[in-house]
Structures are given as C-alpha cells and as structure tokens.
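*Asks:* Quick one: structure below, then a few questions.
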C-alpha cells in the first residue's frame, strides 16, 4: 500500500495532509509512489484552520 492509499483508506485524501514515514517527510507528489512496508512508522498530520 502507498502513503496515498493509506490516506484514502483513512478518509484523509481530500484534506491537506503532511506525511512522514520513518521520520522522513514524504512530499505530496511522492505519496502515490511511496510504498509502505511492514514495520514502517507513519505519521499523518492534517492541517486545520482556526483562530
């Protein structure tokens, strides 16, 4: 599964979202081609507005 696939599975594919795999930032343009492997540590951070 790719990072983009994981985002879609978690319903985060429509919102702005930063992704990190094993402490390495994955740019949005590379999320569809970055394959996740067993044991990878993934952090997804969604951006929200507020005041």
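In the numbering used here, the protein residues as written are 115 to 165.
Note that CB positions come from ideal geometry on N, CA and C, so glycine has one too.
Which whole-angstrom value is the C-beta distance of residue 145 and residue 117, which I expect to be below 8 angstroms?
*Replies:* Position 31 of the chain shown holds residue 145. Position 3 of the chain shown holds residue 117. Between residue 117 and residue 145 the Cβ distance is about 4 angstroms, and since that is below 8 angstroms, they are a contact.
*Asks:* Could you check how far apart the C-beta atoms of residue 135 and residue 148 are, in whole angstroms? I think they sit under 8 angstroms.
*Replies:* Here residue 135 refers to the residue found at position 21 of the chain shown. Here residue 148 refers to the residue found at position 34 of the chain shown. Yes, residue 135 and residue 148 are in contact; Cβ-Cβ is about 7 angstroms, under 8 angstroms.
*Asks:* I need the DSSP call for residue 133, collapsed to helix, strand or coil.
*Replies:* Within the chain shown, residue 133 is the residue found at index 19, counting from 1. Reduced to three states, the DSSP call for residue 133 is strand.
*Asks:* Within 10 angstroms of the Cβ of residue 137, are there 16 or more other Cβ atoms? Answer buried if so, exposed if not.
*Replies:* Here residue 137 is taken as the residue at index 23 of the chain shown, counted from 1. So residue 137 counts as exposed.
*Asks:* What residues in its chain sit with their C-beta under 8 angstroms from that of residue 154, if we drop five residues either side in the sequence?
*Replies:* Locating residue 154 in the chain shown gives position 40, where the first residue counts as 1. Correct list, in chain order: 135 and 136.
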